[in-house]
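Residue numbers (the numbering used here), protein chains in the order written: chain W, 103 to 364; chain L, 103 to 364. Idealized CB from N, CA, C, for every residue including glycine. Because the structure is a prediction, the values reported are computed rather than measured. Everything on this sheet refers to the single structure shown next.
Protein chains: 2
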Amino acid sequence: MLGPMSDPVIPSQRKRGRPRKAALPNVGTAALRRAGLHVRAVERLRAMIVQGELAPGTALIEGDLAQGLGLSRTPLREAVKLLAQEGLIELRANRSACVRSLDAREILELFEALAGLERLAAELAARRLTPAGLRRLEELQTTIEREHAAGRREAYYAANRAIHRAIVESAENRPLAQAHAALLGRAEQARFLALRLAHRWEESLAEHREILAALAARDSERAGRLLADHVAHTAHTVTRALAAGAPPSGTPTGDAALMSMP
Amino acid sequence: MLGPMSDPVIPSQRKRGRPRKAALPNVGTAALRRAGLHVRAVERLRAMIVQGELAPGTALIEGDLAQGLGLSRTPLREAVKLLAQEGLIELRANRSACVRSLDAREILELFEALAGLERLAAELAARRLTPAGLRRLEELQTTIEREHAAGRREAYYAANRAIHRAIVESAENRPLAQAHAALLGRAEQARFLALRLAHRWEESLAEHREILAALAARDSERAGRLLADHVAHTAHTVTRALAAGAPPSGTPTGDAALMSMP
DNA sequence: ATGGCAGATATTGTATGCAGTTGCGAAAAA
DNA sequence: TTTTTCGCAACTGCATACAATATCTGCCAT
């Protein structure tokens, strides 16, 4: 097993009460270095799932996964349950958990919810955005356009994620931001699946500019509507791309079929 | 410790490989009887926190809690982390987790987000509600009015919860419903704190009737707005009640101070 | 040949043990 | 009496051990 796993850190399990210092030389993103192992596992697994390294339908064998990540089953199980709550993993009682597969219906629902949340966030942000916040959004937009011009796909998507997140943060509402973050993981997974097929870069950039203009003008209603439309467009692109390269997906799609994309 | 714990089920730990059948005679809600222990722990703990049995600020000692619930620390830890993701519990590295305390700001944010989600849900529901679904909502409203007339507070709140949930479910959007459920836990906690002080029963009933009318008329925009306003009213009532019976709560409120209510 | 059953194996669910860290209290110094 | 420091007890975090359950394989009966 352990098929699509790219980085089998520490393949052999440490045996007993032995030095665990410097065990994972270079793991996660940044400051979560000294956070509990289960947090690192969550980050790592989420990245692997979202980026398709663990394809939808893949069974997650606790023992193998734990060994692959260089930790024991205890923190791994905690991570798996957290990701299940986030909707990235499906828990099956007394059976291996597995990466949830995305069918067209779920993707539509996901983006519909996301659009609603971002609309709400934009409306609030239009009222609460500080001049500094607005400047930051404009900087991010500049970054996006620069990366787009340079054709750097990964950086483009990262910046895109960042500006959406920044808008939501500008709403100054923690619970809203958390709900948004929870959905975003799954949406990113869907977007990643469709990523190679459809880009829509130019339209997306233009829409962003309009949204920023509405925010700057404090036009709450318009900012909300524009952002919701923007997300909806993305959803259409993603579902169309998936429909083109995958089974009709009226059925739950069962397994890794969705991954069979050029 | 274990202060406010009311029901120390199975006080003594089972020793080893012994019959665990019929261990917890009547635990949770319903069909989660045969689900993993951590699921039961989540349900149990959530109920205890929401209903104030575990006051905000209370330290959650894993060993004691596990013993109190009749299980070991492993599934308990999983439950605690799940509830932390839900925002009911605050995790402190290498220290006991504790029940998160609610300050006025957070309560406002919470209900603001909730209002936004329910508005979205109502708009979708107005478009998708089936005749059967509408009938069900009307039945729930009848139940609420009956319980109100009978003065049965608990039943009233349960039915109230049910109709809000039902509206959200009528939107036919799973991710949205999940996000809503996650926020609802904390909101219920806040409402419970203020419960004894302010009721607002009549206004609430009238608002419900208007919402149902808008849904029946398929007036998506109006249904959304009414529901959002309804939630906002509840938020005002809750925060006003808390402000009256608790410290100004400009500061994080530190501990169980909020519980000091008549 | 095919269907179903029995043993064997693999994998989850739960409990327990052990090491590291934190906080608290007691004792000593000012 | 007040303050500082050291030591101890408690608790968390992680790993592992053990029990329960599901899956798989091959054999036997039809």
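| Item | Value |
| --- | --- |
| From residue 229(W) to residue 210(L), what does the alpha carbon distance come to, in whole angstroms? | 16 angstroms |
| Pull up the distance between the alpha-carbon of residue 212(L) and that of residue 284(W), whole angstroms please. | 16 angstroms |
| The beta strand (DSSP E) that contains residue 198(L), what's its start and end? | 197 to 201 |
| Give me the chain L residues within the contact set of residue 233(W), using Cβ-Cβ distance strictly less than 7 angstroms, ordered along the chain. | Simply none; closest approach about 22 angstroms. |
| Is the beta carbon of residue 180(L) less than 8 angstroms from the beta carbon of residue 197(W)? | no |
| Rounded to a whole number of angstroms, what is the C-alpha to C-alpha distance between residue 296(L) and residue 245(L)? | 23 angstroms |
| Here's a check: name, in chain order, each residue in its chain whose Cβ is nearer than 6 angstroms to the Cβ of residue 312(W), leaving out the five neighbours to either side. | 328 |
| Measuring CA to CA, which of 303(W), 217(W), 172(W) is closest to residue 254(W)? | 303(W) |
| Helix, strand or coil: which one does DSSP assign to residue 163(L)? | coil |
| From the DSSP output, in three-state form, read off residue 155(W) for me. | coil |
| Helix, strand or coil, according to DSSP, for residue 351(L) in the structure here? | The predicted position of residue 351(L) is uncertain, since its pLDDT is 35 and thus under 50; a value taken from the coordinates is nonetheless stated next. DSSP places residue 351(L) in coil when its eight states are reduced to three. |
| Is residue 134(W) close to chain L, meaning its C-beta is less than 8 angstroms from at least one C-beta of that chain? | Low local confidence applies: a pLDDT of 48 at residue 134(W) is under 50, so the model's placement there is unreliable, with the coordinate-based value given in what follows. No, residue 134(W) does not count as interfacial toward chain L. |
| What does a CB cutoff of less than 6 angstroms around residue 320(L) pick up in its chain, not counting 5 residues either side in sequence? | 228 |
| I want to see whether chain L comes within less than 8 angstroms of residue 277(W), judged by CB atoms only; does it? | yes |
| Flag residue 189(W) as yes if its beta-carbon sits less than 8 angstroms from any beta-carbon of chain L, otherwise no. | yes |
| What do you reckon, are the CB atoms on residue 262(L) and residue 214(W) nearer than 8 angstroms? | no |
| Alpha carbon to alpha carbon, how far is residue 270(W) from residue 314(W)? Give it in angstroms, no decimals. | 13 angstroms |
| Which first and last residues belong to the beta strand (DSSP E) in which residue 175(L) is found? | Segment 175 to 188 is the alpha helix (DSSP H) holding residue 175(L); no beta strand (DSSP E) there. |
| Can you list, in chain order, the residues of its chain with a C-beta nearer than 6 angstroms to that of residue 154(L)? Leave out the 5 residues immediately preceding and following it. | 294 |
| Please confirm whether residue 195(W) has its beta-carbon closer than 8 angstroms to some beta-carbon of chain L. | yes |
| What residue range is occupied by the uninterrupted alpha helix (DSSP H) comprising residue 254(L)? | No alpha helix (DSSP H) holds residue 254(L); DSSP gives it neither H nor E. |
| Quick one: list the residues of chain W neighbouring residue 138(L), beta-carbon separation under 8 angstroms, in chain order. | 195 |
| CB residue 318(W) to CB residue 222(W), shorter than 8 angstroms? | no |
| Can you tell which of 157(W), 251(W), 188(W) has the C-alpha that lies nearest to the C-alpha of residue 286(W)? | 188(W) |
| Less than 8 angstroms between CB atoms is the rule here; does residue 176(W) satisfy it with respect to chain L? | yes |
| Listing by chain order, which chain W residues have their CB less than 7 angstroms from the CB of residue 212(L)? | 277 |
| Report the partner residues of residue 194(W) according to the DSSP bridge assignment. | 197(W) |
| Which whole-angstrom value is the C-beta distance of residue 278(W) and residue 219(W), which I expect to be below 8 angstroms? | 7 angstroms |
| Let me make sure I understand the geometry here. Which of 156(W), 186(W), 266(W), 232(W) has the alpha-carbon closest to that of residue 336(W)? | 266(W) |
| Go ahead and label residue 194(L) buried or exposed: buried means 16 or more other beta carbons lie within 10 angstroms of its beta carbon, across all protein chains shown. | exposed |
| Looking at the unbroken alpha helix (DSSP H) that takes in residue 228(L), where does it start and where does it end? | 206 to 230 |
| For residue 173(W), which residues from the same chain have a beta carbon less than 6 angstroms from its beta carbon, with the 5 sequence-adjacent residues on both sides left out? | 139 |
| Residues in the stretch 320 to 333 of chain W with C-beta within 8 angstroms of chain L's C-beta atoms, listed in sequence order? | none |
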